[in-house]
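The structure appears below as structure tokens.
There are 2 protein chains.
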Amino acid sequence: MSMERPGGSDPSRATLGGLGELEVLDRITRRLPAATSALLGPGDDAAVVAAPDGRFVTTTDLMVHGPDFRLAWSSGHDLGWKIAASNLADVAAMGAVPSGLLVGLAAPSATPVALLEAIADGLRDACAALAPGCGVVGGDLSASASLTLAVTAFGDLEGRAPVRRDGASAGQTVAVAGTLGRAALGLRLLFTEGVDAAGEPDARRAERLRAEHPAWIGAQLAPSPPIAAGRLAALAGATAMLDLSDGLALDARRLIRASGVGIDLDGVALSALAPDVADGLELALAGGEDHSLLAVLPDGAALPAGFVRIGRTLPGDALTVDGRPVDLSGWDPYAGWNGAAG
Amino acid sequence: MSMERPGGSDPSRATLGGLGELEVLDRITRRLPAATSALLGPGDDAAVVAAPDGRFVTTTDLMVHGPDFRLAWSSGHDLGWKIAASNLADVAAMGAVPSGLLVGLAAPSATPVALLEAIADGLRDACAALAPGCGVVGGDLSASASLTLAVTAFGDLEGRAPVRRDGASAGQTVAVAGTLGRAALGLRLLFTEGVDAAGEPDARRAERLRAEHPAWIGAQLAPSPPIAAGRLAALAGATAMLDLSDGLALDARRLIRASGVGIDLDGVALSALAPDVADGLELALAGGEDHSLLAVLPDGAALPAGFVRIGRTLPGDALTVDGRPVDLSGWDPYAGWNGAAG
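So the sequence lines, in the order shown, correspond to chains A and B. Quick note: the first sequence, position 50, residue 568 per my numbering, numbers continuous. Quick note: the second sequence, position 115, residue 633 per my numbering, numbers continuous.
This is the structure we're talking about:
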């Protein structure tokens with residue numbers, strides 16, 4: 519007798535539509551990490567979160583299948599990890615310590631619940647690895663034709679002023695914590711070698727590629743931004759800081775505009791951080807999604823752990839490398855998007 | 519000479535893809551209401567929000583085109599209004615005062631920016647009408663094949679304990695603030711009379727329907743939950759409270775399970791609140807999305823403004839109306855969803 523109801527006796531094949539909202543929520547919730555800051559966690563109309571110094575930092579990010587990821591390339595674990603990591607990096611870029619996440623998830627009715635469980639595991643593992651004590655305080659589950667993750671993160675400033683983008687002045691040290699250009703190189707490899715003959719994302723090729731180039735593909739699919747370094751930069755007196763999500767050149771220009779200073783980058787230091795490929799320096803400047811931290815520190819301040827000096831601030835409003843103007847742009851989510859699924 | 523570049527000289531026809539992320543963000547941001555709680559608003563990696571009593575309430579909701587709304591029925595203003603209202607109701611249901619929103623928005627590249635501007639206007643007007651002082655502290659913009667809104671709301675408990683679902687005991691008053699069954703009746707009318715001959719959502723018919731039945735269609739497309747009543751219930755000593763998003767019967771059962779009490783509803787009181795249609799009482803019990811507040815108050819407590827008595831708590835775990843068991847279920851986002859666009 520093996521007339522199996524789809525999603526019936528084999529729990530790994532159960533779908534959202536087959537199980538219903540409450541059962542799916544239950545299965546996900548029990549895998550999620552608790553937050554030490556949660557005074558009241560999931561299960562009521564809203565969560566209650568501690569904000570010990572009377573303020574909290576908060577940021578939100580959406581990731582949508584197609585424009586932001588392809589299921590042929592990213593596992594559920596990767597997705598949960600990446601959306602946690604990118605949100606935690608925004609909290610860290612304010613000099614705050616991540617305290618909690620809210621997770622919104624919308625998925626097609628035919629989505630296997632195992633994929634959602636893997637997303638929950640990725641969220642849990644990213645919190646444990648990058649921001650211990652941070653966990654999920656609540657969320658929402660909805661239906662959509664496109665798998666969509668919407669995460670909100672919270673952070674605690676521990677009594678310090680937030681490190682904004684607009685506090686840098688001339689004559690200070692520009693430093694970075696984390697990788698440069700690796701996530702972009704990983705994405706380029708996926709688009710060139712992780713596809714089939716028709717150019718469609720291919721899971722087997724992507725897996726092989728990841729085994730060959732774990733640092734580059736991993737930086738794209740499951741980045742590990744230096745979350746703890748954000749707090750250290752704030753403690754070291756950082757005058758400005760931001761998360762490198764759209765590429766060093768574009769994000770440095772944001773800091774330049776906000777602070778009213780110029781930045782001269784050190785080509786040797788950049789090259790040392792850049793991926794070891796022919797156009798590594800260009801990738802280090804233009805490549806997005808590393809979620810590294812760009813900080814400006816007072817002249818003479820000791821570099822906090824994890825940071826490398828990559829330049830200095832100057833009077834003016836130019837971005838230069840060894841005195842020569844930089845002409846690269848970053849990444850726009852609408853430019854060049856094609857909605858092909860994967 | 520009228521060789522117009524699409525989205526060029528006519529700003530109302532400009533699309534997200536044509537304008538690019540930064541210009542779209544700028545156009546939306548300037549329409550959004552500022553929050554009085556925002557110590558640092560949009561424009562940095564994260565916002566900084568005041569949490570005067572060292573805690574904050576937070577909740578998140580996704581709304582996706584297809585399962586959650588149809589653009590043939592809902593204007594952009596409706597969408598912004600509704601997602602603000604439903605999140606504010608979750609904050610109110612904890613007894614908190616809404617302090618801020620984060621808004622994530624993902625849309626197809628061809629979406630007119632005017633639609634996003636209307637969403638922003640709806641968010642602004644809902645905050646002004648339902649929770650003055652609450653505003654938007656930050657957000658995210660992304661691309662998706664399905665228009666998706668992801669809103670996170672924050673609230674201030676003003677030093678009070680949160681009103682959870684599990685504090686009710688037997689012999690207390692069950693009361694509701696807001697409408698019952700109207701949003702469900704509105705949805706049923708839209709599905710039966712707001713469609714064309716092929717059953718597809720039809721904008722002209724929906725508009726006519728709304729003019730004929732503004733209370734019912736309005737409750738579905740742009741509900742006005744009694745946000746201020748949540749704080750009043752907390753001040754009156756409410757022992758349990760929740761937001762009626764999935765229907766009185768289903769949500770009352772949640773309170774029953776959490777608190778370990780039974781609830782007997784008063785048929786006369788329910789009928790007085792129910793829509794004046796043949797199956798009004800059934801709609802009042804089973805219809806979701808009113809976002810009204812269900813509260814349990816100590817015996818003898820004066821009802822806070824906006825609340826109507828609809829029953830009492832009893833020993834046991836049954837939900838009854840005038841002593842007779844209720845057998846209705848609420849709404850599941852995956853059950854019965856068809857992904858047809860509108």
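Where is the CB? At the ideal position from N, CA and C, for every residue including glycine.
Any C-beta of chain B sitting closer than 8 Å to the C-beta of residue i?
i, result
"Val844 of chain A", "no"
"Gly559 of chain A", "no"
"Leu580 of chain A", "yes"
"Gly622 of chain A", "yes"
"Ala552 of chain A", "no"
"Gly806 of chain A", "no"
"Ala590 of chain A", "no"
"Phe709 of chain A", "no"
"Gly696 of chain A", "no"
"Glu635 of chain A", "no"
At the 8 Å Cβ level, is residue i part of the contact set with chain A, yes or no?
i, result
"Ala488 of chain B", "Outside the shown range of chain B, which is 519 to 860, sits residue 488 of chain B, and nothing can be said about it."
"Thr577 of chain B", "yes"
"Ser604 of chain B", "no"
"Thr757 of chain B", "no"
"Val779 of chain B", "no"
"Ala649 of chain B", "no"
"Arg531 of chain B", "no"
"Gly765 of chain B", "no"
"Ala611 of chain B", "yes"
"Gly673 of chain B", "yes"
Identify the contact partners of residue i in chain A, using a Cβ-Cβ distance below 7 Å as the criterion.
i, result
"Phe574 of chain B", "Val567, Ala569, Phe574"
"Asp586 of chain B", "Ser660"
Could you please give the first and the last residue of the uninterrupted alpha helix (DSSP H) stretch that includes residue i?
i, result
"Val786 of chain A", "785-791"
"Gly798 of chain A", "798-804"
"Thr499 of chain B", "Nothing can be reported for residue 499 of chain B, as the shown portion of chain B is limited to 519 through 860."
"Ala603 of chain A", "594-610"
"Leu750 of chain B", "745-753"
Between which two residues does the beta strand (DSSP E) holding residue i run?
i, result
"Thr533 of chain B", "It is not in any beta strand (DSSP E) - Thr533 of chain B carries neither H nor E in the DSSP assignment."
"Phe587 of chain B", "It is not in any beta strand (DSSP E) - Phe587 of chain B carries neither H nor E in the DSSP assignment."
"Gly656 of chain A", "653-661"
"Arg830 of chain B", "825-832"
"Ala668 of chain B", "666-674"
"Pro732 of chain A", "Pro732 of chain A -> not in any beta strand (DSSP E); alpha helix (DSSP H) instead, spanning 732-739."
"Ala813 of chain B", "810-815"
"Leu475 of chain A", "Not covered by the structure: residue 475 of chain A. The range shown for chain A is 519 to 860."
"Gly618 of chain B", "615-625"
"Ala646 of chain A", "First-last for Ala646 of chain A: 631-648, but that is the alpha helix (DSSP H), not the beta strand (DSSP E)."
"Leu766 of chain B", "No beta strand (DSSP E) contains Leu766 of chain B, which is instead part of the alpha helix (DSSP H) from 766-777."
"Ala556 of chain B", "556-558"
"Leu762 of chain A", "758-762"
"Val567 of chain A", "565-568"
List, in chain order, every chain A residue whose beta-carbon is nearer than 8 Å to that of residue i.
i, result
"Gly653 of chain B", "Simply none; closest approach about 13 Å."
"Arg682 of chain B", "Leu558, Asp562"
"Thr547 of chain B", "None at all; the shortest Cβ gap to chain A is about 14 Å."
Identify the contact partners of residue i in chain B, using a Cβ-Cβ distance below 7 Å as the criterion.
i, result
"Leu815 of chain A", "Under the 7 Å cutoff, chain B gives no residues; its nearest Cβ is about 17 Å from Leu815 of chain A."
"Gly657 of chain A", "Thr578"
"Leu760 of chain A", "Asp563"
Buried or exposed: which applies to residue i, given that a residue is buried once 16 or more other Cβ atoms fall within 10 Å of its Cβ?
i, result
"Phe709 of chain B", "exposed"
"Val566 of chain A", "buried"
"Ala679 of chain A", "exposed"
"Gly717 of chain B", "exposed"
"Pro732 of chain B", "exposed"
"Arg726 of chain A", "exposed"
"Asp840 of chain A", "exposed"
"Asp571 of chain B", "exposed"
"Ala729 of chain B", "exposed"
"Pro743 of chain A", "buried"
"Leu540 of chain B", "exposed"
"Ser592 of chain B", "buried"
Could you tell me which chain B residues have their CB closer than 9 Å to the CB of residue i, listed as they occur along the chain?
i, result
"Ser687 of chain A", "Chain B residues near Ser687 of chain A: none, gap ~18 Å exceeds 9 Å."
Can you pull the chain B neighbours of residue i, defined as C-beta to C-beta under 8 Å?
i, result
"Asp608 of chain A", "Asp563, Ala564"
Output yes if chain C places a C-beta closer than 8 Å to the C-beta of residue i; else output no.
i, result
"Ala663 of chain B", "Considering every chain present, this structure includes no chain C. Its protein chains are A and B."
So is the beta-carbon of residue i under 7 Å away from any non-hydrogen atom of the ligand FMN?
i, result
"Phe672 of chain B", "Absence of the ligand FMN is noted for the structure shown, with no ligands found whatsoever."
Evaluate contact between the segment 759-771 of chain B and the segment 797-813 of chain B, counting only Cβ atoms and requiring at least three cross-stretch pairs below 8 Å.
yes
Could you tell me whether the segment 604-618 of chain A touches the segment 640-653 of chain A, where touching means 3 or more Cβ pairs closer than 8 Å?
yes
Kindly confirm or deny that the segment 549-557 of chain A and the segment 554-565 of chain B touch, where touching means at least three C-beta pairs closer than 8 Å.
Too few Cβ pairs lie closer than 8 Å, so no.
Quick test of the definition: if touching needs 3 or more C-beta pairs under 8 Å, does the segment 817-828 of chain A touch the segment 529-547 of chain B?
no
Across the segment 693-703 of chain B and the segment 628-635 of chain B, are there enough close Cβ pairs to call them in contact, namely three or more that are closer than 8 Å?
no
Specify whether the segment 584-592 of chain B and the segment 649-665 of chain A touch according to this definition: at least 3 beta carbon pairs, one from each stretch, less than 8 Å apart.
Segments in contact, yes.
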